[in-house]
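In this note's numbering, the protein residues as written are 121 to 441. Ideal Cβ placement from N, Cα and C applies to all residues, glycine included.
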Ligand code: TYM
């Protein structure tokens, strides 16, 4: 089974990225043939600063590797190192109706929030379809917000298969973990950098503490019993604590005497403990960029081989000899 997923290099990783996507992407290297990449071209839709994009891309790669991505088991590369994807993007564009893209939620949401749309943002799902279809991906693990994009990839693939009367593309399936489909942010809405409600995975304890302390709760006092169901602190604690720890936390909620600040500190401790084992590897890689670049070059080479062969077939089919 061929599994593919990508993630934008958006700077500091937050726990929504991790539980919504990265963790499952990395785990899937043991379930099938995994293709995973840093979506650097996609990031150009929002990042217009050379140093920032370079640094974010490097750090995203470091994070994936520190968290367990195995470059031997999986094919792991940076999107713009395999340029065939842009050629396929053009080919797909000619089979993508305007209406299909106009209906895309993420585009509609962004324009509704007043973000000036350019053509890159509008055609973003076509590039994503190219990522998926170039590698004959069968399964695409993503968070809920990306399901529609995978459906758009299916629609485009179906249209081209129909036009050329052959099964040129595999029809991909998105795979969403229902429990983790949307990791809540500090305000209870979907955790997202653009909403300013994130909690970072790797940062100074001081910075992470500040973010945790921002978690929105009701206004119950110390001497009142509290409800863990629907509490944002509890929902996030579920990601890090085991069953016994959660039982204990429920009892603490039910017993008057503690405030939400105490539960926030308990969450902070379990988070720090959870990510601690990855820190050392991360620091090693940050200090050895050459090692990271070599791993990425190796991944790009493996991905290119497949991409080149696919494009050779496609050019022939459409008449680009
Ligand atoms: P991106 O970089 O915005 O997010 C990466 C992945 O993380 C998931 N995610 C979340 N899941 C649950 N709760 C949250 N709060 C949360 N925040 C983010 C996203 O659903 C996503 O799966 N367009 C993609 C990147 C991409 C891609 C691809 C993905 C480019 N080409 C091909 C799959 C296949 C994106 O912007 O994801």
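| Check | Outcome |
| --- | --- |
| Using three-state DSSP, classify residue 286 as helix, strand or coil. | coil |
| In three-state DSSP terms, what is residue 266? | helix |
| Relative to the C-alpha of residue 312, which residue among 346, 128, 134 is closest? | 134 |
| So, at 7 Å on beta carbons, what are the nonlocal neighbours of residue 419 in its own chain, with the 5 sequence-adjacent residues on each side left out? | 191, 195, 196, 197 |
| Excluding the 5 residues preceding and the 5 following residue 333 in the sequence, name in chain order all residues of the same chain whose CB lies nearer than 8 Å to its CB. | 381, 384 |
| Identify which residue in 416, 440, 426, 432 has its Cα closest to the Cα of residue 158. | 416 |
| Hey, out of 428, 389, 352, whose CA is closest to residue 373's CA? | 352 |
| Which residues does DSSP pair with residue 127 in a beta bridge? | 158 |
| What did DSSP end up calling residue 310 once you bin it into helix, strand or coil? | strand |
| Buried or exposed for residue 274, going by 16 or more other Cβ atoms inside 10 Å? | buried |
| Excluding the five sequence neighbours on either side, which residues of its own chain have a C-beta within less than 7 Å of the C-beta of residue 428, listed in chain order? | 204 |
| What are the boundary residues of the alpha helix (DSSP H) that residue 210 is part of? | 204-213 |
| Report the CB separation of residue 124 from residue 294 in whole angstroms; it is logged as a contact under 8 Å. | Between residue 294 and residue 124 the Cβ distance is about 11 Å, and since that is not below 8 Å, they are no contact. |
| Between the C-alpha atoms of residue 219 and residue 297, what's the straight-line distance to the nearest angstrom? | 29 Å |
| Starting from residue 383, trace the alpha helix (DSSP H) both ways and give me its first and last residue. | 380-407 |
| Would you report the Cα separation of residue 280 and residue 202, rounded to the nearest angstrom? | 22 Å |
| Any chance you could list the beta strand (DSSP E) runs of at least 3 consecutive residues sitting entirely within the region 143-190, in chain order? | 153-158 |
| Taking the straight line between their C-alpha atoms, what separation do you get for residue 208 and residue 156? | 18 Å |
| Is residue 124 near the ligand TYM, with its Cβ less than 7 Å from a heavy atom? | yes |
| For a test of your reading of the model: does the CB of residue 286 fall under 7 Å from any non-hydrogen atom of the ligand TYM? Yes or no. | no |
| Assuming contact is defined by CB atoms lying nearer than 8 Å, are residue 230 and residue 241 in contact in what I supplied? | yes |
| Give the secondary structure of residue 332 by DSSP, where H, G and I count as helix, E and B as strand, and everything else as coil. | helix |
| Applying the criterion that 16 or more other CB atoms from any shown protein chain within 10 Å of the CB defines a buried residue, is residue 368 buried or exposed? | exposed |
| Given a cut-off of 8 Å on the beta-carbon distance, is the pair residue 331 and residue 338 in contact? | no |
| What are the boundary residues of the beta strand (DSSP E) that residue 196 is part of? | 195-198 |
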